[in-house]
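Report on one structure; see the data block that follows.
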Amino acid sequence: GAGVSQSPRYKVAKRGQDVALRCDPISGHVSLFWYQQALGQGPEFLTYFQNEAQLDKSGLPSDRFFAERPEGSVSTLKIQRTQQEDSAVYLCASSLAAGGSEQFFGPGTRLTVL
Amino acid sequence: QKEVEQNSGPLSVPEGAIASLNCTYSDRGSQSFFWYRQYSGKSPELIMSIYSNGDKEDGRFTAQLNKASQYVSLLIRDSQPSDSATYLCAVSSDYKLSFGAGTTVTVRA
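Written out as structure tokens, the structure is:
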């Protein structure tokens, strides 16, 4: 079956621009996660959705970061007024159940802020 | 102190040998433990999950968990060049995963 998909795969933004990153989870998966991965590091948690409810946004670095999942399926991570330190790979993952279970990652979006 | 620590690597092993990867974690409330494989430029791929103390085998991979020692390991038997990748240890006490920085494994032919 289809896995997690993300778009765009690559995004180059000028400092100060707004960007929107899309995640389409595995069909039927209740939980959706966003992670940020810097070069040479493991992914860092950003936010968690259970269906359409955002239950945890404690990992979002600043109020410039905003995520939504309005219909409990596709999710969008938006970054306003991008800064160079936002350059990273943004990974989306989904899992079948609510709560802790196996998470499956999409291919990621590599964001470069110039 | 980071929540999840892994061997810094890189780890170089000859083809056919056993690669041994180690991971320690700080949160005693952790319940779920995972190993992900990440090829260069790709996203993490789940290869093993383990939830209770002891060993779990899947093909050439064996995960070992010791909650008392807060330690989880991954053994790769009969290592192949295609096993060359970064291996990420991930730990969860609720829903979110905490990752180590990864150990890069190179299998030399």
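Protein sequence lines, in the order shown, are assigned to chains A and B.
Start counting the first sequence at -2; every next residue gets the next number (our numbering).
Start counting the second sequence at 926; every next residue gets the next number (our numbering).
Glycine included, each C-beta is placed from N, C-alpha and C at the ideal position.
Quick caveat: nothing in here was measured; it's all calculated off a predicted structure.
| Check | Outcome |
| --- | --- |
| Rounded to the nearest angstrom, how far is the Cβ of residue 1011 of chain B from that of residue 936 of chain B, given a contact under 8 Å? | Not confirmed; about 10 Å, so no contact. |
| Quick one: give me the first and last residue of the beta strand (DSSP E) that residue 1029 of chain B is part of. | 1028 to 1033 |
| Note the first and the last residue of the continuous beta strand (DSSP E) segment covering residue 978 of chain B. | Counting along the chain, residue 978 of chain B falls outside any beta strand (DSSP E), and DSSP gives it neither H nor E. |
| From this set, A:95, A:83, A:7, which residue's C-alpha is nearest residue 41 of chain A's C-alpha? | A:83 |
| Taking 9 Å as the cut-off, decide whether the C-beta atoms of residue 955 of chain B and residue 992 of chain B are in contact. | yes |
| Span of the beta strand (DSSP E) holding residue 34 of chain A? | 28 to 34 |
| In terms of alpha-carbon separation, which member of B:1001, B:990, B:986 lies closest to residue 977 of chain B? | B:990 |
| Cutting at 8 Å between CB atoms, please list the residues of its own chain near residue 1025 of chain B, excluding the five before and the five after it. | 927, 929, 930, 931, 948, 1013, 1014, 1015 |
| Out of B:958, B:1009, B:1017, state which residue places its alpha-carbon closest to the alpha-carbon of residue 981 of chain B. | B:958 |
| Residues of chain A with a CB under 7 Å from the CB of residue 979 of chain B: which are they? | In chain order: nothing, as chain A lies at least about 19 Å away. |
| Going straight from the alpha carbon of residue 1007 of chain B to that of residue 1032 of chain B, what length do you get? | 8 Å |
| Give me the chain A residues within the contact set of residue 974 of chain B, using Cβ-Cβ distance strictly less than 8 Å, ordered along the chain. | 99 |
| Answer yes or no: does any C-beta atom of chain B fall closer than 9 Å to that of residue 93 of chain A? | no |
| Please list, in chain order, all residues of the same chain as residue 964 of chain B whose beta carbon is under 6 Å from its beta carbon, the five residues on each side excluded. | 1010 |
| Which bits of chain A does residue 933 of chain B rub up against, with CB to CB less than 7 Å? | The premise fails here: residue 933 of chain B is roughly 11 Å from chain A at the closest Cβ pair, so nothing lies under 7 Å. |
| Of the residues A:7, A:0, A:4, which one's Cα is nearest the Cα of residue 25 of chain A? | A:0 |
| Is it the case that the Cβ atoms of residue 52 of chain A and residue 62 of chain A are separated by a distance below 9 Å? | no |
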